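Comments concern the structure below.
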Amino acid sequence: MKQRVVLVLGLFLFIFTFLSFALLAGQNSRIERREEMLFRSREELILAQNRINEEEQRVNTLSREVGRLSGENKAHIILTFDDGPSSITGPILDILEKENIPAVFFINGVNVSAGRVRLIKRAVAEGHIIGNHTYSHDYDRIYRSVDDFMEDFLKNEELIWKWTGTRSMLVRFPGGSRNSLCATEEGRQLMEDLKYEMDRRGYLYMDWNVTDPSNDPQEVLHSLEDQILWRDSATILLHDRGDRAFLVEILPSLIKTLKEEGYEFVLPERFAGAVRF
Ligand SMILES: [Zn+2]
Numbered sequence: 092m093k094q095r096v097v098l099v100l101g102l103f104l105f106i107f108t109f110l111s112f113a114l115l116a117g118q119n120s121r122i123e124r125r126e127e128m129l130f131r132s133r134e135e136l137i138l139a140q141n142r143i144n145e146e147e148q149r150v151n152t153l154s155r156e157v158g159r160l161s162g163e164n165k166a167h168i169i170l171t172f173d174d175g176p177s178s179i180t181g182p183i184l185d186i187l188e189k190e191n192i193p194a195v196f197f198i199n200g201v202n203v204s205a206g207r208v209r210l211i212k213r214a215v216a217e218g219h220i221i222g223n224h225t226y227s228h229d230y231d232r233i234y235r236s237v238d239d240f241m242e243d244f245l246k247n248e249e250l251i252w253k254w255t256g257t258r259s260m261l262v263r264f265p266g267g268s269r270n271s272l273c274a275t276e277e278g279r280q281l282m283e284d285l286k287y288e289m290d291r292r293g294y295l296y297m298d299w300n301v302t303d304p305s306n307d308p309q310e311v312l313h314s315l316e317d318q319i320l321w322r323d324s325a326t327i328l329l330h331d332r333g334d335r336a337f338l339v340e341i342l343p344s345l346i347k348t349l350k351e352e353g354y355e356f357v358l359p360e361r362f363a364g365a366v367r368f
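Position in the sequence shown (first residue = 1) + 91 = our numbering.
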């Protein structure tokens, strides 16, 4: 009798364990199937997003083409050079003069040696705009507080006034209006406060939607063309720095392509045309 009870209990335990395993295995394979389905839908979503992006670029290219063919092309380029003046400012000015196109130079007063003041005067005399990129470009100094920023910024403004006789209302924040500071809550808040301060004082800060990605001339040239050619208009950020001397080599070719594509080089107008992040 006792043996029989043990046998029945054993059998019951065996069946129970077997069923539990079977159930778990079934559940596992269901989960795996679900994961696979989710993965596939994610891939499909990415593919769809890529197709949408491609379509968007195609529509933009077509509308630009229509504008060009109808002679009403509004496509424009705002060319901006940051961090100068430098050893390549003179050669850049030569190219712009030859091509007869205007640009904005967002300068840092700290880079202006006595010899370079004439480059700034020349830029203004030739119709370019000198914009304020802060005096020092030193994140540790300018991005401590609104007051610290304004002190450095106004010092640059005074110098630009002294050198050119014009007050520059165009501003580019070092790193742009959404920069590495925005990784923290305090940094984000400071940038918000600075943007508010700029608006409040009547300055126009501008960012960019195209920039030079590396130090390889051919790579930069191709990348710039790729970034620009599908757009109606672009604000290009290039760096007026000694370590970007190759810009002087590729700039004529870039300008030629953009002119051929029907783009017009313009200066930003007050309260219009400023790309912002
Ligand atoms: Zn800069």
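Even for Gly, the Cβ is constructed at its ideal location relative to N, Cα and C.
A quick note: this is a predicted structure, and the numbers were derived from the prediction, not measured.
- The distance from the Cβ of M297 to that of R263 is about 6 Å, consistent with a contact at the 8 Å cut-off.
- For G266, the closest of V96, W252, Y287 and D229 by C-alpha to C-alpha distance is D229.
- For F172, the enclosing beta strand (DSSP E) has its first and last residue at H167 to G175.
- When Cβ pairs closer than 8 Å are counted between the two stretches, the region 185-192 is seen to touch the region 342-358, the count reaching three or more.
- Where H313 is concerned, there is no enclosing beta strand (DSSP E), although the alpha helix (DSSP H) around it starts and stops at P308 to I319.
- With a minimum length of 4 residues, the unbroken runs of alpha helix (DSSP H) contained wholly in the region 220-303 fall at 230-233, 237-255 and 276-292.
- Under the three-pair Cβ rule at 8 Å, the region 327-342 counts as touching the region 168-183.
- For ligand 1, no non-hydrogen atom lies closer than 7 Å to the CB of D229.
- The Cβ neighbour count for R335, taken over all protein chains shown within 10 Å, is at least 16; the residue is labelled buried.
- Counting every other CB atom within 10 Å of its CB across the protein chains shown gives A166 a total of 16 or more, marking it as buried.
- In terms of Cα proximity to K253, the closest of R269, I341, V366 and V208 is V208.
- In the displayed model, A336 falls within coil according to three-state DSSP, outside both helix and strand.
- T255 is a Cβ neighbour of I211, given a cutoff of 8 Å.
- Within the same chain, Cβ atoms closer than 6 Å to the Cβ of G218 are found at P193, the five residues on either side in sequence being excluded.
- Beta-bridge annotation (DSSP): F196 is paired with F172 and I221.
- In this structure, DSSP gives S344 a helical state, which the three-state scheme calls helix.
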